[in-house]
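In what follows, a single structure is set out as structure tokens and then discussed.
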């Protein structure tokens with residue numbers, strides 16, 4: 001999902017890459033003990049604006065938008081199957097979809113091959129530049145802002161205290177990863193060229209079958225979330241006013257703005273009322289987690305549909321400011337056998353499955369607004385052929401660099 005970055009100069013991406021070289025890696029999760037044999041995670045997203053271009057529209061979508069052709073929203077799915085069992089032969093699993101998904105009968109859940117890292121060697125020069133972190137909705141930035149991170153100090157392992165999202169402890173949500181599964185499969189992957197269209201639907205029966213897990217079956221009555229549309233307009237004093245539509249079924253909203261300047265400096269702003277850099281807000285979130293984050297004033301409530309980016313962010317960021325807005329959605333959970341109503345009865349499910357939803361848009365604060373990017377065309381234009389290759393994603397690094405790259409779609 002790096003297409004949107006090509007619309008700007010090469011300096012921001014180079015700065016981001018240089019920053020990622022010097023950051024600490026996040027330790028991987030350990031192998032689960034006990035619990036179900038199989039865990040299945042299905043994350044469903046709707047992407048609009050530049051997020052849709054980066055997710056599947058590519059440079060053709062970018063040129064279409066720049067020429068006034070608009071940009072259609074698209075859908076994304078991230079499927080992960082983890083099992084405590086070894087495969088009987090070469091690992092193989094399929095997710096059998098309802099016809100409305102327009103992905104054919106099924107998509108393969110491919111087990112990644114372990115290959116030597118192709119990451120470039122650490123650069124010889126010391127990194128230069130700074131990261132300026134702002135937060136909070138308002139015409140002007142609050143006290144003690146910005147927090148300034150010197151990349152040269154980070155390279156020496158000197159992180160400023162309180163950098164990460166400290167006050168946002170939320171209940172740990174289980175994850176399916178290659179590192180915490182005996183056998184693992186995922187989609188998208190390099191084995192299939194299928195892609196979702198703007199008209200794809202998840203409603204109906206789903207079945208996951210493979211040679212390393214029990215068969216998983218569930219039915220969905222919740223479809224993809226609607227797209228986010230909105231505007232970014234100048235406000236008094238040099239601030240920028242963000243406003244958007246109330247997305248049905250949204251549980252909360254979170255916005256951020258990023259800029260990278262010549263010379264290595266980067267600017268980051270988030271809509272949270274307290275300093276909350278990184279953490280879980282760049283992922284799919286359960287309604288329970290969102291409620292906790294709303295209480296901590298990290299996530300905006302579903303009733304809020306506007307936020308002002310402080311003037312200092314606009315002044316520090318310059319002319320090339322990229323913004324992103326998330327609308328978190330509902331969650332569906334399934335298990336077999338179902339959890340007994342009596343808590344005294346022991347429950348050992350064979351499998352558990354979770355479906356999470358969100359909607360996301362990206363835009364240039366000084367470019368076309370979110371609504372302009374979303375002009376609707378005919379059903380035929382919104383219906384992708386299903387034969388285009390999915391964007392290839394690289395594994396994100398840990399630390400600040402990995403989070404920055406993941407949030408912006410730079411090689412993750």
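Residue numbers (my numbering): 1 to 412. All residues carry an ideal CB built from backbone N, CA and C; glycine is no exception.
(message) Report the start-end ranges of each alpha helix (DSSP H) in the segment 300–376 that is 4 residues or longer and not cut off at the edges.
(response) 311–317 and 370–373
(request) Grab the span of the alpha helix (DSSP H) containing residue 258 for me, first residue to last. (result) From DSSP, residue 258 is part of no alpha helix (DSSP H) but of the beta strand (DSSP E) over 252–260.
(request) Check the C-beta distance from residue 269 over to residue 134 and give it rounded, since I have them as a contact under 8 Å. (result) Their Cβ separation, rounded to whole angstroms, is 4 Å, which keeps residue 269 and residue 134 in contact under 8 Å.
(request) Grab me the residues of residue 137's own chain with a C-beta within less than 6 Å of its C-beta, minus the 5 sequence neighbours each way, in chain order. (result) Only 271, 307 and 308 meet the Cβ criterion.
(message) Given the structure, does residue 53 come close to the ligand PLP, in the sense that its CB is under 7 Å from one of the ligand's heavy atoms?
(response) Ligands displayed in this structure: none; no statement on the ligand PLP is therefore possible.
(message) Just to confirm before moving on: does the CB-CB distance between residue 310 and residue 141 stay below 8 Å?
(response) yes
(request) Measure the alpha-carbon distance for residue 85 versus residue 49 and round it to whole angstroms. (result) 41 Å
(request) Have a look at residue 357 and residue 158 and give me their C-alpha separation to the nearest angstrom. (result) 37 Å
(message) Excluding the 5 residues flanking residue 243 on each side, which residues of the same chain have their C-beta closer than 7 Å to its C-beta?
(response) 230, 231, 305 and 306
(message) Could you give the first and the last residue of the continuous beta strand (DSSP E) run that contains residue 74?
(response) 74–83
(message) Here's the rule: buried if 16 or more other CB atoms are within 10 angstroms of the residue's CB, otherwise exposed. What is residue 193?
(response) exposed
(request) Going by CA-CA distance only, name the one from 262, 254 and 350 that's closest to residue 279. (result) 254
(request) Can you tell me which of 139, 145 and 127 puts its alpha carbon nearest to the alpha carbon of residue 156? (result) Closest option to residue 156, Cα to Cα, is 127.
(request) Look up residue 179 in the DSSP assignment and say whether it is helix, strand or coil. (result) helix
(request) Kindly identify the DSSP beta-bridge partner or partners of residue 235. (result) Beta-bridge pairing links residue 235 to no other residue.
(message) Could you compute how far the alpha carbon of residue 91 sits from the alpha carbon of residue 182?
(response) 11 Å
(message) Assuming residue 149 is part of the beta strand (DSSP E), what are its boundary residues?
(response) 147–150
(message) If I measure Cβ to Cβ from residue 130 and keep anything under 7 Å in the same chain, skipping five residues before and after, which residues do I get?
(response) 148, 149, 150, 151 and 265
(message) Alpha carbons only, please: which of 213, 178 and 76 is nearest the one belonging to residue 336?
(response) 213
(message) Among the candidates 53, 81 and 46, whose CA atom is the shortest distance from the CA of residue 36?
(response) 81
(request) On a CA-only basis, which of 46, 42 and 38 is nearest residue 361? Give me that one, please. (result) Taking only the C-alpha atoms, the option nearest residue 361 is 46.
(request) Note down the Cα distance separating residue 314 from residue 262, rounded to an integer number of angstroms. (result) 16 Å
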